[in-house]
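Trainee:
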Ligand code: OGA
Ligand code: MN
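Residue numbers (the UniProt record's numbering): 1 to 207.
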């Protein structure tokens with residue numbers, strides 16, 4: 001797949017971020033790649049590689065299902081072809097954001113996330129209090145045939161006091177400025193898969 005930083009799709013995301021701080025692309029990835037990533041996530045789940053996600057950082061880090069109930073695994077390059085294609089696309093997006101918005105994004109960290117039925121993630125901001133490197137959040141959904149009655153929306157709290165619910169339909173990408181948008185994951189009636197990641201700037205404080 002030929003995703004270069006100047007591609008119109010990536011430029012739309014850059015323009016949205018410049019205008020309103022967030023972007024929603026309903027058809028970001030071709031269905032075959034989304035399906036391959038979903039298979040990858042399920043294989044990791046059944047082979048026991050996903051772990052309960054923690055909240056907080058350092059010594060304050062703990063698993064608290066009353067805050068977030070997803071299971072995750074961090075991605076590394078070279079693990080599978082589909083993951084490497086995804087990472088290459090996100091790197092093109094990183095370059096596009098740097099060229100268009102001068103964000104100085106240095107790297108991208110991401111994990112698979114699986115929310116069992118009923119799991120949720122309470123309203124939060126993605127930027128840690130003691131670490132301001134996370135600058136742009138990007139969530140890609142991997143769920144085929146998501147139906148309106150199945151819940152599981154990403155609820156975005158927008159700057160004008162409005163809310164926007166995005167259903168986690170396979171191939172949809174949501175990108176937003178990490179420090180500016182509180183958001184939450186609503187419970188669903190079925191398993192909910194995603195790849196969630198953060199573009200990070202160089203840090204000032206302790207790592
Ligand atoms: C997160 C998060 C949103 C989603 O992992 O920090 O907010 O829709 N995920 O999965
Ligand atoms: Mn979040």
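All residues carry an ideal CB built from backbone N, CA and C; glycine is no exception.
(1) Compute the minimum distance between the beta carbon of residue 168 and the heavy atoms of the ligand OGA, and state whether it is under 7 Å.
(2) With distances taken from CA atoms, which of 169, 159, 132 and 152 is nearest residue 69?
(3) On the DSSP bridge list, what partners appear for residue 22?
(4) If you pair each beta-carbon of the segment 142-159 with each one of the segment 181-193, do three or more pairs fall below 8 Å?
(5) When you compare the segment 37-56 with the segment 153-169, are there three or more beta-carbon pairs, one atom per stretch, that lie closer than 8 Å?
(6) Within a Cβ cutoff of 7 Å, which residues of the same chain sit near residue 101, ignoring the five residues on either side of it in sequence?
(7) Can you name, in chain order, every residue of its own chain whose Cβ lies under 6 Å from the Cβ of residue 173, other than the five neighbours on each side?
(8) Residue 151 bridges to which residues according to DSSP?
(9) Quick one, are the C-beta atoms of residue 5 and residue 92 less than 8 Å apart?
Mentor: Short version:
(1) Of the heavy atoms belonging to the ligand OGA, at least one sits nearer than 7 Å to the Cβ of residue 168.
(2) The shortest CA-to-CA distance from residue 69 to any of 169, 159, 132 and 152 is the one to 152.
(3) When beta bridges are read from the DSSP output, residue 22 appears opposite 176.
(4) Put simply, the segment 142-159 touches the segment 181-193. At least three CB pairs are less than 8 Å apart.
(5) With a cut-off of 8 Å, the segment 153-169 and the segment 37-56 do not count as touching, because too few Cβ pairs lie within range.
(6) Closer than 7 Å at the Cβ level, and outside the excluded window around residue 101, lie 14, 17 and 18.
(7) Excluding positions up to five away in sequence, the list reads 25, 28 and 140.
(8) Answer by DSSP bridge pairing, in chain order: 188.
(9) In this structure, residue 92 lies closer than 8 Å to residue 5 by Cβ.
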